[in-house]
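Notes to accompany the following structure.
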Amino acid sequence: MTRILVADDHPFFRMGVDAVLQMGGHEVVAMTSDGDATLDAIERENPEIVLLDVRMPGRDGISTLQHLRKRGDNRAVIILTVEVSDDQLL
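Numbering follows the numbering used here, with no gaps: position 5 of the sequence shown is 63.
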């Protein structure tokens with residue numbers, strides 16, 4: 059069972075992703091709606107994979123990912139977005 063954190067500011071989307079992942083046999087260990095809460099949940103829950111929305115209030119997904127990498131955290135991160143500009147691409 060893969061331990062996954064879902065970070066997205068839309069509650070309906072988080073709940074849908076949670077349901078799909080659980081049907082697939084995965085464990086959603088936390089759901090967050092902003093980057094700071096995501097960083098706290100990563101420390102607390104130690105997920106194997108983070109599903110991370112690009113656009114969230116406060117610390118966005120790109121800043122959150124940059125923070126993880128700067129501190130040497132190389133866990134798998136899957137970026138979620140419905141739109142992204144060229145300057146946001148990694």
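Where is the CB? At the ideal position from N, CA and C, for every residue including glycine.
Could you have a look at residue i and say whether DSSP puts it in helix, strand or coil?
i: residue 59; result: coil
i: residue 98; result: helix
i: residue 112; result: coil
Looking at residue i: is its Cβ nearer than 8 Å to the Cβ of residue j?
i: residue 97; j: residue 135; result: no
i: residue 116; j: residue 131; result: no
i: residue 77; j: residue 119; result: no
i: residue 92; j: residue 73; result: no
Please name the residue in the options whose C-alpha comes closest to that of residue i.
i: residue 108; options: 138, 71 and 70; result: 138
i: residue 133; options: 100, 59 and 121; result: 100
i: residue 80; options: 69, 68 and 61; result: 61
Since residue i is in the beta strand (DSSP E), which residue starts that stretch and which ends it?
i: residue 86; result: 85–90
Just reading off the alpha helix (DSSP H) that residue i is part of, what are its end residues?
i: residue 140; result: It is not in any alpha helix (DSSP H) - residue 140 carries neither H nor E in the DSSP assignment.
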